[in-house]
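Colleague: Take 101 as the starting number for the sequence shown in the working numbering and just add one per residue. First the structure, which I've put down as structure tokens, then a few questions once you've had a look.
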Amino acid sequence: MNKNGPALANEHYFRLYETVKVTGRYCHHLFLFLLLLISSHMNAQDSVRLPLNKNRLALVAASEGALYAGSVVGEYQFWYKGFARSNFHFFNDNNEWMQMDKSGHIFVAYYGGKVGYELLKWTGLKENKCVWYGGLLGFAFLANVEILDGHSAEWGFSWGDFAANAFGSAAFISQQLAWKEQRFLIKYSYHNTAYAAYRPQLLGATSAERLMKDYNGHSIWISASPGTFMGAKSKFPKWLCFSVGYGAEGMTGGYSNPLFAEDGKAIPHFDRYRQFYFSMDVDLSKIPVKCVFLKKVLNTVNFIKVPFPALEYNCRSGFKGHWLYY
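Right, dumping it as structure tokens:
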């Protein structure tokens, strides 16, 4: 079978491939958000260095091991069991979704590392061990997906996904080692689009599904505050950030837009194009609050880009302003 995406001969299979892969990423994001909630609950006092608590360390190690094993079994049962197996092989999907799916891998690996670090910090483990062992949690979690892909006859191990996973983990680990904090935050935003209505099975039939599956409405951001690079005497608020973002629209298929949907209805022609953004943002974790519960909430939702006015440049119509972009 030809494994070069656009050259797949069987259009029905190709649509099934797209649906399975996008659904898999949808579940990964839900799993990550659950871990964010858990780690936020365990780390209300980020500035406190605790002594090593072996009971906590055993609990975290056992929990992560069980979650990892459960994710491997769950992924196989729900996504791979019904497909033919093969010897380990590779698959080039680097041109899929105009690389928006790769940004999702970076995002999950980055925050998986953040979760792993904070969970180990809660145990009182030494800082460097928290950074390295915890920071690789997202990479390890996603690695089993790539391995399962590599043994599936219908697709294979993606070096592009693997590189994106490594980049996300490295982005967390390198900053924590250099500054003992995250000065460049990877964030996510979403806005509703009209494209999902043409392929709801692939891009989402409900608002909740589209939030995760419709890449047309996704934007990935890097936010940083100049205040984090200034001295202690600086009055520039460390929570106020400048932010650059990337997105893409016009996509009703991974590699190209099909002429017809699964139900046989014609899909209008849409130009596929990239979008680049400049905006402001807020690092919610650096807002000084005394309420422990509010601090937990702010830390948990800090992966979301706060809506602000934005300047967009896209490859179809040039510059475009937004009074409020999300």
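C-beta: ideal position from N, C-alpha, C; glycine also.
(1) Using a Cβ-Cβ cutoff of less than 6 angstroms, which residues in the same chain neighbour residue 289 once the five nearest sequence positions on both sides are dropped?
(2) Buried or exposed for residue 165, please, with buried defined as at least 16 other CB atoms from any protein chain shown within 10 angstroms of its CB.
(3) Could you tell me the boundaries of the alpha helix (DSSP H) in which residue 347 lies?
(4) How many whole angstroms separate the CB atoms of residue 415 and residue 355, which I take to be in contact at a CB cut-off of 8 angstroms?
(5) For residue 395, does the count of other Cβ atoms within 10 angstroms reach 16, so buried, or fall short, so exposed?
(6) So residue 242 packs on residue 208, CB below 8 angstroms; how close in whole Å?
(7) Could you tell me the distance, in whole angstroms, from the CA atom of residue 163 to the CA atom of residue 423?
(8) Three or more C-beta pairs closer than 8 angstroms, one from the region 328-338 and one from the region 360-368: is that the case here?
(9) In chain order, what residues of the same chain have a beta carbon less than 6 angstroms from the beta carbon of residue 146, not counting five sequence neighbours either side?
(10) If I'm right that residue 329 touches residue 253 with Cβ under 8 angstroms, what's the distance once you round it to whole angstroms?
(11) Since residue 290 sits in a beta bridge, which residues does DSSP pair it with?
(12) Taking a contact to mean a Cβ-Cβ separation below 9 angstroms, would you say residue 219 touches residue 160 in this structure?
(13) Look up residue 418 in the DSSP assignment and say whether it is helix, strand or coil.
(14) If you measure from the beta carbon of residue 317 to each beta carbon in chain D, is any gap under 9 angstroms?
(15) Output yes or no for whether 9 angstroms exceeds the beta carbon distance between residue 411 and residue 341.
(16) Relative to the C-alpha of residue 223, which candidate in 157, 378, 312, 360 has its C-alpha closest?
(17) Using the Cα positions of residue 419 and residue 413, report the straight-line distance between them to the nearest angstrom.
(18) Would you call residue 281 buried or exposed, if buried means 16 or more other Cβ atoms sit within 10 Å of its Cβ?
(19) By the 10 Å Cβ neighbour count, where 16 or more other Cβ atoms means buried, how is residue 331 classified, buried or exposed?
(20) How about residue 376 and residue 345: do their beta carbons lie closer than 9 angstroms?
(21) Measure the beta-carbon distance from residue 231 to residue 277 and round it to whole angstroms, keeping in mind my assumption that it falls under 8 angstroms.
(22) Are there 16 or more other CB atoms within 10 angstroms of the CB of residue 358, so buried, or fewer, so exposed?
(23) Have a look at 151, 270, 259 and flag the residue whose alpha-carbon is nearest the alpha-carbon of residue 194.
(24) Which same chain residues, not among the five before or five after residue 190, have their C-beta less than 6 angstroms away from its C-beta?
(25) For the beta strand (DSSP E) that contains residue 374, what are its first and last residues?
(26) Can you tell me whether residue 299 is buried or exposed, with buried defined as 16 or more other CB within 10 angstroms of its CB?
(27) For residue 212 versus residue 269, is the C-beta spacing smaller than 9 angstroms?
(28) My guess is that residue 200 and residue 295 are in contact by the Cβ rule of under 8 angstroms, so how many angstroms apart are they, rounded?
Modeller: Answer, in terms of the structure:
(1) 319, 405, 426
(2) exposed
(3) Per DSSP, residue 347 belongs to no alpha helix (DSSP H); it is in the beta strand (DSSP E), 340-349.
(4) Residue 415 to residue 355, Cβ: 17 angstroms. No contact.
(5) buried
(6) 6 angstroms
(7) 44 angstroms
(8) no
(9) Bear in mind that the predicted position of residue 146 carries a pLDDT of just 49, short of 50, making it unreliable; the figure below should be weighed with that in mind. No residues qualify anywhere along the chain.
(10) In fact, because the Cβ distance is near 50 angstroms, the residues do not count as touching under 8 angstroms.
(11) 318
(12) yes
(13) strand
(14) In summary, chain D is missing from the structure at hand, where a single protein chain is found.
(15) no
(16) 157
(17) 4 angstroms
(18) exposed
(19) exposed
(20) yes
(21) 6 angstroms
(22) buried
(23) 259
(24) 256, 257
(25) 373-382
(26) buried
(27) yes
(28) Actually they do not touch by this definition, with Cβ atoms about 12 angstroms apart.
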